[in-house]
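Residues in the sequence shown are numbered from 4 upward in steps of one, following our numbering.
All residues carry an ideal CB built from backbone N, CA and C; glycine is no exception.
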Amino acid sequence: MKKAKIIIMIILSACLHSCLDDDDRINFFYEAVPIEEVDIPDQFTRGEVFKITVSYFRPSDCHSFGGFDYDRVSNERTVAVVNVVFDDRVCQDLEQNDMVETSLNFLVGSEDSYIFRFWQGRDDQGENQFLTIEVPVVE
Numbered sequence: 004m005k006k007a008k009i010i011i012m013i014i015l016s017a018c019l020h021s022c023l024d025d026d027d028r029i030n031f032f033y034e035a036v037p038i039e040e041v042d043i044p045d046q047f048t049r050g051e052v053f054k055i056t057v058s059y060f061r062p063s064d065c066h067s068f069g070g071f072d073y074d075r076v077s078n079e080r081t082v083a084v085v086n087v088v089f090d091d092r093v094c095q096d097l098e099q100n101d102m103v104e105t106s107l108n109f110l111v112g113s114e115d116s117y118i119f120r121f122w123q124g125r126d127d128q129g130e131n132q133f134l135t136i137e138v139p140v141v142e
């Protein structure tokens, strides 16, 4: 009898919870935005941390900086700026006059050089385009 009461309570709780219309979630998605400019040192020193600054245009007032998509393979680093886009409101397109700057700190490891590929969008055929910069490492 006690097991039956517990099962009935679980079923009743599940039914009541599924009927609630309290969707207070913020609707958003992530979107990569093209990097327009990069400020990166001409050379790195092994074991030190260097600041790399990237600039991009914010497409609308619903776009906010969300972070970097950062991938590393051997001495190659692929970097893209990712925006959080809030889609639960009316968005206003922004004029492409003022670039947004953001930076990342890069810790130099044991490689002799690093190849950075900064994502700049897609071409007419849908192929990814990158600004590629190789930075040598000195002792």
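In its own chain, which residues sit with a C-beta less than 7 Å from the C-beta of residue i, not counting the 5 before and 5 after it?
i: ASP72; result: ALA35, ALA83, VAL85
i: LEU107; result: ILE55, PHE71
i: GLY69; result: TYR33, VAL85, ASN86, VAL87
Excluding the five sequence neighbours on either side, which residues of its own chain have a C-beta within less than 6 Å of the C-beta of residue i, listed in chain order?
i: CYS65; result: VAL88, PHE89, CYS94
i: ASP42; result: THR56
i: ASP74; result: THR81
Figure out for me which residue from the options has the closest Cα to the Cα of residue i.
i: THR135; options: GLN99, ASP127, GLN123; result: GLN123
i: ARG61; options: ASP126, GLU142, ASP101, GLU137; result: ASP101
i: ASP96; options: VAL76, ILE38, SER106, SER67; result: SER67
i: GLN132; options: VAL140, GLU142, VAL141, PHE121; result: PHE121
i: ASP126; options: PHE109, GLU137, VAL76, PRO37; result: PRO37
i: PHE109; options: GLY69, VAL140, GLY129, GLU130; result: VAL140
i: GLU143; options: GLU130, ASP74, VAL111; result: Since the first residue shown for the chain is 4 and the last is 142, residue 143 is missing from the structure and cannot be characterised.
i: VAL138; options: ASP74, GLN46, GLY129, GLU39; result: GLN46
So residue i and residue j are supposed to be a Cβ contact under 8 Å. How far apart are they, rounded?
i: GLU98; j: SER58; result: Contact flag wrong, Cβ pair sits at about 15 Å.
What residues in its chain sit with their C-beta under 8 Å from that of residue i, if we drop five residues either side in the sequence?
i: PHE31; result: VAL87, VAL88, PHE89, ASP90, ASP91
i: ILE29; result: PHE89, ASP91
Cβ pair count under 8 Å reaching 3, the region 117-131 against the region 66-85: yes
Report yes or no: do the region 91-100 and the region 42-54 share at least 3 C-beta pairs separated by less than 8 Å? Touching, no, given that fewer than three Cβ pairs across the two stretches are closer than 8 Å.
With a floor of 4 residues, list each alpha helix (DSSP H) that falls wholly inside the region 58-100, ordered by position along the chain. none
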